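Each position in the sequence shown, counted from 1, maps to that position plus 3 in the numbering used here. The next block holds one structure in the form of structure tokens; read it before the comments.
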Amino acid sequence: MLARILYIEDNLLNMRLVRKILVSMGYAMLEAMDGTSGLQLAAQEMPDLILVDINLPDIDGLEVVKRLKEDHRLMNIPAVALTSNAMHGDRERCLAAGFDSYLAKPVARVELKNTIEHFLKPNHAHVAV
Ligand code: MN
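Structure follows, in structure tokens:
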């Protein structure tokens, strides 16, 4: 069975870039463009991993992860922050908010792949060689 990854992102170019990478790696992707609908989709679909942009139009990614980690059904799903705020202390801020990992944008394929495989068993995906 394909592992399913939810990406909460309001920027269409970033969404497209990550979609391209995930599909090429054999993952199924779920997409939400704001925090509220992302949380709803997470609760409905129970994805295997969640990628979260920090700057979202409604609640920010830090609030999204806080709510994920407060929900006993969702708290064990790995949550990875994707942010362009590569400022000092940003990584610590994301981890303190509850994220399991952090990636700076623009995200490189190999970094995204390594991070996902750290949390998901590699045989979870149909890897297209
Ligand atoms: Mn954004």
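Note that CB positions come from ideal geometry on N, CA and C, so glycine has one too. Computed from a prediction, not measured in an experiment: that's the story for all the values here.
Annotation: arginine 96 to isoleucine 62 spans about 16 angstroms, alpha carbon to alpha carbon. DSSP places methionine 32 in the uninterrupted beta strand (DSSP E) bounded by 31-35.
Taking all protein chains in view, the Cβ of serine 104 is crowded by 16 or more other Cβ atoms within 10 Å, so the residue is classified as buried. In the DSSP annotation of this structure, arginine 76 is not part of any alpha helix (DSSP H), being labelled neither H nor E. Taking 7 angstroms as the cut-off, the beta carbon of leucine 52 is found no closer than this to the beta carbon of phenylalanine 102. Contact annotation: the stretch 65-75 does not touch the stretch 15-33, with fewer than three C-beta pairs closer than 8 angstroms.
Taking all protein chains in view, the Cβ of glutamate 114 is surrounded by fewer than 16 other Cβ atoms within 10 Å, so the residue is classified as exposed. Not one heavy atom of the ligand MN lies closer than 6 angstroms to the C-beta of asparagine 117.
Relative to the ligand MN, even the nearest heavy atom lies 6 angstroms or more away from the CB of aspartate 37. What you get when you keep residues with a C-beta closer than 6 angstroms to any heavy atom of the ligand MN is Asp13, Asn14, Asp56, Asn58, Leu59.
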